[in-house]
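> Quick note on numbering: the sequence shown equals residues 1 to 315 in the UniProt record's numbering. Glycine included, each C-beta is placed from N, C-alpha and C at the ideal position. Quick caveat: nothing in here was measured; it's all calculated off a predicted structure.
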Amino acid sequence: MSLFWRIFLLNAVVLMVATMLLLGPVTVSSPVLPAEAAVVVAGLVAMLVANAVLLRVGLAPLRRLTRAMAAADLLRPGSRPAATGHGEITELITTFNTMLDRLESEQAAGSARVLSGQEAERQRIAQELHDEVGQTLTAVLLQLKHVSELAPGPLREELHQVRETTRGSLEEIRRIARRLRPGVLEELGLHSALRALTAEFTSPALAVGLRLDPGLPALDEQTELVLYRVAQEGLTNTARHAGAGRVDLRLERTAGGARLTVRDDGKGLGAAPEGAGIRGMRERALLVSARLTLGPGPGGGTEVRLDVPVREEDR
1 MSLFWRIFLL NAVVLMVATM LLLGPVTVSS PVLPAEAAVV VAGLVAMLVA
51 NAVLLRVGLA PLRRLTRAMA AADLLRPGSR PAATGHGEIT ELITTFNTML
101 DRLESEQAAG SARVLSGQEA ERQRIAQELH DEVGQTLTAV LLQLKHVSEL
151 APGPLREELH QVRETTRGSL EEIRRIARRL RPGVLEELGL HSALRALTAE
201 FTSPALAVGL RLDPGLPALD EQTELVLYRV AQEGLTNTAR HAGAGRVDLR
251 LERTAGGARL TVRDDGKGLG AAPEGAGIRG MRERALLVSA RLTLGPGPGG
301 GTEVRLDVPV REEDR
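Okay, here's the thing in structure tokens:
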């Protein structure tokens, strides 16, 4: 029975009972006596209360669906509202759940294409920086060295300063290229790549700790890349925004797969909205059906946790 007919029949029953009472034991005279007016008012109140209760019970599934629709976020896959109720209410909730499944699947597929193109573009830029800009600056360094050997004393000192500036620029370009394309991840694996990453972020102002638990499950290339990029973004956010003195990175085995944790002692997230970096981490997590959690750490600061499921055959 449809929602319309259920509400209509419930209201019809209430009105029929009221009519039978007026035609039977309850009568209204002219002029209306106080006792009769009290009975009519009481009947009206009873009708309104009955209608309110019946409508609240009948429309409760719709309120749950409204809350679920307001809380739905494709970057945070969550539970679905239970398909309870009758008739088109159940059908509406089931349709909404099916729509969410389809949208999340399309979101994951679209994110995969975008991130795949992004990685390809990063690899191309890193290659050009290494081959073109890097080689050009190397040639400039050699020329400066040759010129400084022939230059007089005062000019030689200035050329030496130019050489050091150029050398610093070359090192910065190489560092950017390594961030764009984690070659050590492809060549030596995830553990070596995370060690190189923590060494890169370690500085006098920021101590970076690393713990890699033994016996991790086998991970495919895409999962390793997602873990590396999330660790890289977490350390980058800590270095730029957290004002932290220490950050700890840990990769460990769990009952369901693997967990990456980046925890700092900085000022925390506060009420700041999520930026492009965090949204990028959420999109990457969806690629491997992982769960990304951000929040305050046990001792303050910020904790980024990525739980990656692993298939039974890969454990």
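In whole angstroms, what is the alpha-carbon distance linking A108 and V133?
Near 36 angstroms, if we compare the C-alpha coordinates of V133 and A108.
> Should Q232 go down as buried or exposed, given a rule of 16 or more other Cβ atoms within 10 Å for buried?
Q232 is buried by the Cβ-count criterion.
> Between T198 and the rest of its own chain, which residues show a CB-CB distance below 7 angstroms, the 5 nearest in sequence each way excluded?
Counting only Cβ-Cβ distances below 7 angstroms, and skipping sequence neighbours, we find V208, L210 and L249.
> Per the DSSP calculation, D264 is bridged to which residue(s)?
DSSP, once it has assigned bridges, lists V247 as partnering D264.
> Only counting the same chain, and skipping five residues up and downstream in sequence, which positions put a Cβ closer than 8 angstroms to that of T136?
Within the same chain, T136 has no close Cβ partners at all.
> Does the count of Cβ pairs from the region 151-167 and the region 183-190 closer than 8 angstroms reach three?
No, because fewer than three Cβ pairs between the region 151-167 and the region 183-190 fall closer than 8 angstroms, the two stretches do not touch.
> Alpha carbon to alpha carbon, how far is R259 from T166?
Cα-Cα distance, rounded: 41 angstroms.
> Return the CA-CA distance between I278 and R263, expressed in angstroms with no decimal places.
The alpha-carbon atoms of I278 and R263 are separated by roughly 15 angstroms.
> How many angstroms separate the CA atom of L306 from the CA atom of A196?
Taking the straight line from one Cα to the other gives about 20 angstroms.
> Extract the residue ranges of the alpha helix (DSSP H) inside the region 186-259, only unbroken runs of 4 or more that lie entirely within it.
Listed in chain order, the complete alpha helix (DSSP H) runs (minimum 4 residues) inside the region 186-259 are 190-201 and 221-237.
> Could you give the residue range of the alpha helix (DSSP H) that holds R163?
Per DSSP, R163 belongs to the alpha helix (DSSP H) from G153 to L180.
> So what does L294 bridge to, in DSSP terms?
Per DSSP, V304.
> Which residues bound the alpha helix (DSSP H) around V147?
It spans G134 to L150 - the alpha helix (DSSP H) in which V147 sits, taken as one unbroken run.
> Give the straight-line distance between the Cα atoms of I7 and R67, rounded to the nearest whole angstrom.
Cα-Cα distance, rounded: 23 angstroms.
> Using the Cα positions of E121 and L225, report the straight-line distance between them to the nearest angstrom.
Going by the C-alpha atoms only, they are around 15 angstroms apart.
> Could you give the residue range of the alpha helix (DSSP H) that holds L286?
Per DSSP, L286 belongs to the alpha helix (DSSP H) from A276 to L287.
> Specify the secondary structure class of P34 as computed by DSSP and reduced to three states.
Correct three-state label for P34: helix.
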